[in-house]
Amino acid sequence: MKQYRHLIRPYLIWSLVLVVIPLFLIVFYAFTEEGNEVLTFSFTWKNFARFLEATYLNVILKSFWLGFITTAICLLLGYPLAYFISRFSEKAQDTLILLVTIPMWINMLLRTYAWMNLLSDNGIINQLLGRLNLGPVSMMYTDFSVLVGLVCNFMPFMIIPIHTSLCKMDKSLLEAAMDLGANRVQTFWKVTWKLSMPGVVNGVMMVFLLAVSSFVIPKLLGGGQYMLIGNLIESQFISVGDWNFGSAISMILAVIILISMRLMQKMDKLQQEE
Amino acid sequence: MNQVSLELRNVTKRFEKELVLDGISLQVEKGEFLTLLGSSGCGKTTTLRIIAGLETPDQGQVLLNGEDVTALPPEKRAVNTIFQSYALFPHMTVEENVGYALKLRRVPRQEIRKRTSEMLDLVRLSGFEKRKPEKLSGGQKQRVAIARALIGNPGVLLLDEPLGALDLQLRRTMQRELKRLQQYLGVTFIYVTHDQEEAINMSDRIAVMHRGRLEQIGTPDEIYNHPRTSYAARFVGNANLFTGMVESISEEGAWVSVSGGRVLLGCPAGTSLQKGEKATFAVRSENVQVLVQDQEGCAAVVKEKSFLAGQLRLILSMPDGRELAASRFGIDSDFEPGQKVKWTFPARQGVLLDREEQNA
């Protein structure tokens, strides 16, 4: 293996140019004044101070709230699904997991446009409701439409890690629990759930991360005035042109996400030791 | 007979279309050590799982202490299992694993702790309370599994090849350990293994299983010395098997023709052996006497000679090309490969097999 090690170099250069340097640039922009040159920059906390304004705090709260709800719904729907998939024969499981992942082969934008079509005021769902005289229900550009989009897009990221951890579990552990006197409910909570925690933690972290920082789905399904932290960053860079403020928000988001991920891992460890 | 602890009545089980258990009936006394012995796929593990309640029989009944438990789920049966893979809960410590059955029964915490430490003491694992299973050796995991299964005072303990994953040395130690525990606690043990030595060493009775049927059930001594079927004879102790025509019946027994000559079989009373009939019989290698060429016996040629565990073992080749094994203690150079010899055996050491009247 050792003689192939030099093959990794192009990738190192690649990630240095496209990941590490941009990260430094973001930090650099976040702490500097607008409009200065790289060589004549002046240091400032202004960009971070600006974030403490109520408008922006609300945006971040709303983002985290939506991320939290999305994650909770994905977990509530995804866990039972992963559980049932794991009880089929191995061959059937492959097919079912394929079905779960197939939507991911289609471009996310296309999927989101499809949801726009389904949910819009004269979309398919409202046409059906109209036939049943339940009247058109306005679904587009609400929390509901954004949640539907987020949940449907990120569901596989919840199902797959949970399914993996359920599959890895030794089935004789369940038999042992029943043999020792645990009923089905006790067996589930004391053995299955506990042992699938690594998968749950992975799924929760992935979905939460994706949901909090998403900006295309909220933009399309939530409308132009629907402002989440991802949209805020995007608008600072694309339309407002305030790269310094945009960088500061990115940094804040990254730090908050890192902290919450650490907390999740800590909680997982505590639960394991319980 | 003492109090019956476990009874199976005509238990039958199919997987898909394959008949896995074909009418198994047996009774196990309280405090008895019964081994289900057979090669893989003979249905022994399925039998165990049916007793545990992890499988449901298609027909037949399982009775525990005279009570029909066929329809009860595993958690309601006073039976515990030691699984082949131990199935220790990886997220619990040794202490939590062992105390789990009591915790489920809502036994007070103080008492759980007390009984857990007693149990760990009994399996000689004190001081390991706070360890996680991943930090234990194979033998220690085994001991935890034993303690966990025994803590709830089950009426019957089921053991599914519990020593299969251990090395030979450790297996011997654990055999003695299990036997000691079983005698000390007076629990009925149903032990599944494919290892005939293990079965003979530990069991009060052995049930030889083959293709979903009970071939023979009896004490180790009965199974070894008086096998009833050719399968039992071959599986336990690798007996030499012969099939030959009955030439004549006399008071001493029956003369049966085999390749290279004829032998005298002592027939137990009540055997309905007829002249002209085909008879199958077994002779243990230690009962085969190898003689020099000019003595009376059946002709054969020495094919191989080996020395193993204090025994000299000769493989003889009969005129029809089949082989038979002869063994005895000590070593000598009376016989060498290629030498023409005669062989015979004491009449009563030949055991008739596969007779209808014996199976009744």
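In the order they appear, the protein sequences are chains A and B. Every number in our numbering is 563 more than the matching position in the first sequence, counting from 1. Every number in our numbering is 258 more than the matching position in the second sequence, counting from 1. From the three backbone atoms N, C-alpha and C, an ideal C-beta is built for every residue, glycine too.
{"Item": "Minimum Cβ-Cβ distance from Pro315/B to chain C less than 7 Å", "Value": "Of the protein chains in the structure, A and B, none is chain C."}
{"Item": "Own chain, CB closer than 8 Å to Pro577/B, minus 5 neighbours either side, in chain order", "Value": "Ser517, Gly518, Ala557 and Ala558"}
{"Item": "Proximity winner among Gly301/B, Gly495/B, Ser575/B and Cys525/B, relative to Glu544/B (alpha-carbon distances)", "Value": "Gly495/B"}
{"Item": "Within-7 Å CB hit, Glu387/B to chain A", "Value": "no"}
{"Item": "Whether Ala584/B touches Leu572/B by CB criterion (7 Å)", "Value": "yes"}
{"Item": "Residue interval of the beta strand (DSSP E) (run including Tyr789/A)", "Value": "Where Tyr789/A is concerned, there is no enclosing beta strand (DSSP E), given that its DSSP letter is neither H nor E."}
{"Item": "Inter-residue spacing [alpha-carbon to alpha-carbon] between Ile632/A and Val337/B", "Value": "45 Å"}
{"Item": "Within chain A, the residues that Asn338/B reaches when beta carbons sit closer than 8 Å", "Value": "Asp742 and Leu743"}
{"Item": "Cβ shell of Ile576/A (< 8 Å), same chain only, five flanking positions each side left out", "Value": "none"}
{"Item": "Residues near Asp831/A in its chain [Cβ-Cβ closer than 7 Å; skip 5 each side]", "Value": "Met760 and Val764"}
{"Item": "C-alpha distance - Phe651/A paired with Ala593/A, whole-angstrom precision", "Value": "51 Å"}
{"Item": "Inter-residue CB distance, Ile309/B and Ile448/B (contact presumed, cutoff 8 Å)", "Value": "6 Å"}
{"Item": "C-alpha distance - Cys730/A paired with Gln400/B, whole-angstrom precision", "Value": "24 Å"}
{"Item": "Euclidean distance between Cα positions of Thr655/B and Val541/B", "Value": "A question about residue 655/B goes unanswered here, because the residues of chain B that appear run from 259 up to 618."}
{"Item": "Collapsed DSSP secondary structure at Asn617/B in the structure displayed", "Value": "Confidence in Asn617/B is poor, its pLDDT being 44 and thus under 50, which makes the residue's placement too unreliable to answer from."}
{"Item": "Beta-bridge partners of Trp624/B, as assigned by DSSP", "Value": "Because residue 624/B is not part of the residues shown, which for chain B are 259 to 618, the question remains open."}
{"Item": "Cutoff 7 Å: Val269/B Cβ touching any chain A Cβ", "Value": "no"}
{"Item": "Near-chain A residues of the region 341 to 352 of chain B - C-beta to any C-beta below 9 Å", "Value": "Phe341, Gln342, Ser343, Tyr344, Ala345, Leu346, Phe347, Pro348, His349 and Met350"}
{"Item": "CB contact flag (Pro315/B, Val269/B, <7 Å)", "Value": "yes"}
{"Item": "Check whether Val560/B and Val514/B have beta carbons under 7 Å apart", "Value": "no"}
{"Item": "Distance, Asn411/B Cα to Lys302/B Cα", "Value": "24 Å"}
{"Item": "Cβ-Cβ separation, Val775/A to Gly630/A (assumed contact under 8 Å), whole Å", "Value": "4 Å"}
{"Item": "Other residues of its chain near Arg606/B: CB distance less than 7 Å, five sequence neighbours each side excluded", "Value": "Gly524"}
{"Item": "Bounding residues of the alpha helix (DSSP H) (the contiguous stretch that carries Lys361/B)", "Value": "Val352 to Leu362"}
{"Item": "Pairwise C-alpha distance: Ile812/A and Arg532/A", "Value": "Residue 532/A cannot be examined here, being either before or after the span of chain A that is shown, 564 to 837."}
{"Item": "Members of the region 350 to 379 of chain B that neighbour chain A once the beta carbon cut-off is set at 8 Å", "Value": "Tyr358, Ala359, Leu362 and Arg363"}
{"Item": "Leu549/B, enclosing beta strand (DSSP E) - first and last residue", "Value": "Gln547 to Val550"}
{"Item": "Whole alpha helix (DSSP H) elements within the region 572 to 651 of chain A, 4-residue minimum", "Value": "572 to 578, 584 to 593, 609 to 614 and 617 to 649"}
{"Item": "Proximal residues to Asn617/B (C-beta, below 7 Å), its chain only, five neighbours per side dropped", "Value": "Interpretation of Asn617/B is limited by its pLDDT of 44, a score under 50 that renders its predicted location unreliable; no figure is taken from the coordinates."}
{"Item": "Segment contact flag, the region 437 to 447 of chain B with the region 383 to 397 of chain B, C-beta cutoff 8 Å, min 3 pairs", "Value": "no"}
{"Item": "First and last residue of the uninterrupted beta strand (DSSP E) at Leu321/B", "Value": "Gln317 to Leu322"}
{"Item": "Inter-residue CB distance, Val278/B and Lys288/B (contact presumed, cutoff 8 Å)", "Value": "Rounded, the Cβ-Cβ distance is 28 Å, inconsistent with contact."}
{"Item": "Range covered by the beta strand (DSSP E) that runs through Asn338/B", "Value": "Val337 to Ile340"}
{"Item": "Short-range partners of chain B found in the region 606 to 622 of chain A, where Cβ spacing is below 8 Å", "Value": "none"}
{"Item": "Rounded separation between Asp612/B and His484/B - CA only", "Value": "12 Å"}
{"Item": "Chain B contact for Leu579/A (CB, 7 Å cutoff)", "Value": "no"}
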